[in-house]
Each structure stands twice: as structure tokens, then as C-alpha cells.
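Peer 1: Heads up: the sequence shown is residues 25 to 157, going by this note's numbering. Where is the CB? At the ideal position from N, CA and C, for every residue including glycine. Predicted, not measured: the structure shown is a model, and the values here were computed from it.
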Amino acid sequence: MSQGLIHHVEINVSNLKSTIDFWSWFLEELGYSPYQEWEKGQSWKLGETYIVFVQTEERFLDIPYHRCRVGLNHLAFHASSRKQIDDITSKLKEKNINILYTDKHPFAGGKEHYAVYFEDPDRIKVELVAPET
Ligand SMILES: [Zn+2]
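1. Closer than 6 Å is what we want: which residues have a beta carbon that near any heavy atom of ligand 1? List them in chain order.
2. List the endpoints of the continuous alpha helix (DSSP H) containing Ile44.
3. Please identify the residue among Gly28, Gln27, Glu61 and Ile35 whose C-alpha is closest to the C-alpha of His98.
4. Pull up the distance between the alpha-carbon of Ile126 and that of Glu151, whole angstroms please.
5. On a Cα-Cα basis, can you pick out the residue from Gly134, Met25 and Ser67 that is closest to Trp49?
6. With Thr73 as the anchor, note down where its beta strand (DSSP E) starts and where it stops.
7. Go through its chain and collect everything with a Cβ distance to Val140's Cβ below 8 Å, but skip five positions before and after it.
8. Leu116 lies in the beta strand (DSSP E); which residues open and close that run?
9. The beta strand (DSSP E) spanning Gln60 covers which residue range?
10. In angstroms, rounded to a whole number, what distance separates the CA positions of Gly133 and Ala154?
11. Residues bridged to Tyr141 by DSSP?
Okay, here's the thing in C-alpha cells:
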């Protein structure tokens, strides 16, 4: 019974290629599989939820995304373990992906909240959270 769970999330992006490079790696680390693919978009699915990224039309690119404005602030994902947070954090560093709140990492969300926060190419904030121990 999936009633009420998120069916899918669709996000418009400024540069689909950069988005695909970033998200394909991250989502496949989490067990998502490529789902739909077309000229202007791509999606990945895990269980009954999928995430879609769509190239924003040129005429709407004048105002960039900003997570402090009205709209999406961040997306948070479940990790399998604290070790997975550590492994992903190392890979993020290798990939030169901007990690947020490094001064408080991995407890930027509180002392019971083991997580890594980073930014996608449009600076959408992404959070990966370990299960409570
Ligand atoms: Zn959060």
C-alpha cells in the first residue's frame, strides 16, 4: 500500500547534462535505476518513487534557482548506515562537489542526526541521512 507516499518529484534544471552527471552517480549509489529518458529530461526510480529532472526552457532561465526563495529548499534521502554517509562524503570530496556545513559535519543537523549535506549543480541542497542508531 503506497497511499500517501511520494509518487514522484519533478525538478526543472538549468543544464540537464550537468544535472545528469551529478544525479546519476548519487542516485545509483543509493540503488535507484534509470527510468525514463528523453531529449529534455531523465528520471531515476527506486521502489515506487521516481525523481525526474527536466531541462528548463531558455525563456525561463533568466531567474536562477535559489533555495532561500519560495519553493524547494532541499531533498533528503535515507542512507543505509553511517558508513554509507562516510563513503559518500569521501566520494563527494573526490568529485569536488560542494559539501555544506563542513565545520559541523556529520552532525550539522543535530547530535542525533548523522548526515552529509551538499549541493547539486543548480545549488539545490541535498541531504543524506543515516538511520537512527
Ligand atoms: Zn533536512
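Peer 2: Quick look at the numbers:
1. With the criterion CB distance below 6 Å from any heavy atom of ligand 1, the matching residues run His98, Ala100 and Glu151 along the chain.
2. Counting along the chain, the unbroken alpha helix (DSSP H) around Ile44 starts and ends at Leu40 to Glu53.
3. The shortest C-alpha separation from His98 is found at Ile35.
4. In the sequence as presented, Ile is not what sits at residue 126; that position holds Thr. For Thr126 and Glu151, the distance between alpha carbons rounds to 13 Å.
5. The shortest Cα separation from Trp49 among Gly134, Met25 and Ser67 belongs to Ser67.
6. Per DSSP, Thr73 belongs to the beta strand (DSSP E) from Thr73 to Gln79.
7. Closer than 8 Å at the Cβ level, and outside the excluded window around Val140, lie Ile109, Ile112, Thr113, Leu116, Ile123, His129, Pro130, Glu151 and Leu152.
8. No beta strand (DSSP E) holds Leu116; the alpha helix (DSSP H) holding it covers Arg106 to Glu118.
9. Membership of Gln60 in the beta strand (DSSP E) is indicated by the continuous run Ser57 to Trp62.
10. Distance between the alpha carbons of Gly133 and Ala154 is about 11 Å.
11. Tyr141 is bridged by DSSP to Glu151.
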